[in-house]
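Keeping their order, the protein sequence lines are chains A and B.
Residues 1 to 192 (our numbering) are what the first sequence spells out, left to right.
Residues 1001 to 1192 (our numbering) are what the second sequence spells out, left to right.
Every residue, glycine too, gets a C-beta built ideally from N, C-alpha and C.
Here is the structure we will look at.
Protein chains: 2
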Amino acid sequence: MKFLEDRIRRDGQVRPGNILKVDSFLNHQIDVDLLDQIGKAFYNEYKDAGITRILTIEASGIAIGCAAARYFHVPVVFAKKAKSRNIDGDVYTSTVHSFTYGKDYQITLSKKYLGPDDTVLLVDDFLAVGKAMRGLLDVCGQAGAKVAGIGICIEKGFQEGGKILRSEGYKVTSLAIVDHMTDDGQITFREE
Amino acid sequence: MKFLEDRIRRDGQVRPGNILKVDSFLNHQIDVDLLDQIGKAFYNEYKDAGITRILTIEASGIAIGCAAARYFHVPVVFAKKAKSRNIDGDVYTSTVHSFTYGKDYQITLSKKYLGPDDTVLLVDDFLAVGKAMRGLLDVCGQAGAKVAGIGICIEKGFQEGGKILRSEGYKVTSLAIVDHMTDDGQITFREE
């Protein structure tokens, strides 16, 4: 899984406050060849898991979800962060706290697109404290869907999200785990 | 371009107030095979236009943008709808009115990812009044980027967005143009 580490080393930018900016290739501008590698990496890990749906959350997760779903040949569903006037009333909801935006928000997912017959791979661009992922897991619980695993592009290993999820028995596949960042831009990745 | 009309006829749902729901295959759950056909259709129309970047807007546009960018082998950039704490200050901004949510919002795009050397294909899932597209065009104007065209999945032909854009000289490629919808679910598409 070294390809994403290499790209982060080359094009990622460290900012004070343990912020890692990857917006030149992953979550503002997207390199679609890299995206394809990401989708393939998740497929290689979960191809025998009987995945019926990829589940993610808008906005940055959508690209990752689509890239994975192409390999699995299953639909991708993304949870919405705002309740639109023209979404059905028949939705799962969960409350998520965003540290990036400093507030709580609701996520919603139509009940039509996730149910007890589903085996789900959850994907997202980042895993830090894990609040967004907790919201998606809550939705899977409400749906009665089986969670085969969690595919993350970049895990902030110095925050607790991944550790807690693994301790609860979830399989978490992170393509790059950042263990340490310094304000002068040095990034240390976790060894396999 | 009949494939999208066919899918809308099969799986689209008409709701009172001229709402067309396509969330089973395009903007909540996504059929990635359909998505690939959409990307290919835009590529076929613009492959000789010298496209350097695909530009879209979160959230639903991201999937469309990625699908197109794969064919063009160029990056996709998506304008963000909220100013996050960890985006650079150096951004283009524009104000967009959302009829869906009934309020104005800011879109932002980092100046690093669009400039005067770019030839851009703008894509989105829907074109109705055209406010979101107007915001993206405003951003292209600020960047000095050339707009090769606008690729839309579903245009609401009974609203003025497409007509105005075409009258201004923009090339608008809509894969399906809905001319009329009735409350009992009948959809009339514009003939080529």
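For residue i, three-class secondary structure by DSSP
i	result
A/Val91	strand
A/Ala128	coil
A/Phe189	strand
B/Gln1159	coil
B/Asp1138	helix
B/Ala1145	coil
A/Ser98	strand
B/Leu1121	strand
A/Gly115	coil
Test item: CB-CB of residue i and residue j under 9 Å
i	j	result
B/Leu1109	B/Lys1146	no
B/Leu1122	B/Met1133	yes
B/Ile1051	B/Ala1148	yes
A/Leu137	A/Ala41	no
A/Ser172	A/Leu114	Reading off the sequence shown, one finds Val at residue 172 of chain A, where the question assumed Ser. Cβ distance not < 9 Å, so A/Val172 and A/Leu114 don't count as in contact.
A/Val195	B/Val1032	Given that chain A is displayed from residue 1 to residue 192, the structure contains no residue 195 of chain A and the question cannot be resolved.
B/Leu1055	B/Ile1154	no
A/Gly157	A/Val178	yes
A/Gly17	A/Ile187	no
A/Ile8	A/Val22	yes
A/Tyr43	A/Phe72	yes
B/Ala1082	B/Tyr1101	no
B/Asp1118	B/Arg1166	no
A/Gly135	A/Gln159	no
A/Ala59	B/Ala1059	yes
B/Met1181	B/Leu1020	yes
A/Ile62	B/Ile1062	yes
Beta-carbon separation (whole angstroms), residue i vs residue j, contact threshold 8 Å
i	j	result
A/Asp48	A/Ala67	Between A/Ala67 and A/Asp48 the Cβ distance is about 19 Å, and since that is not below 8 Å, they are no contact.
B/Tyr1170	B/Ile1150	6 Å
A/Gly185	A/Val74	Not a contact, Cβ separation roughly 39 Å.
A/Asp125	A/Ile64	6 Å
B/Ser1098	B/Val1139	Not a contact, Cβ separation roughly 16 Å.
A/Tyr92	A/Lys112	Incorrect: roughly 11 Å between the Cβ atoms, too far for contact.
B/Gly1141	B/Pro1116	Contact flag wrong, Cβ pair sits at about 11 Å.
Bounding residues of the beta strand (DSSP E) (the contiguous stretch that carries residue i)
i	result
B/Leu1020	1019–1021
A/His180	172–181
A/Tyr105	103–110
Residue interval of the alpha helix (DSSP H) (run including residue i)
i	result
A/Asp6	2–11
beta-carbon residue i near the ligand FMN non-hydrogen atom, thresh 8 Å
i	result
B/Val1074	With respect to the ligand FMN, the structure offers nothing, as it holds no ligand at all.
Exercise for the section: Would you mind listing the beta strand (DSSP E) stretches within the segment 1039–1086 of chain B that are 3+ residues and don't spill past its ends, in chain order? Expected result: Residue ranges of uninterrupted beta strand (DSSP E) with 3 or more members, entirely inside the segment 1039–1086 of chain B and ordered along the chain, are 1053–1057, 1076–1079.
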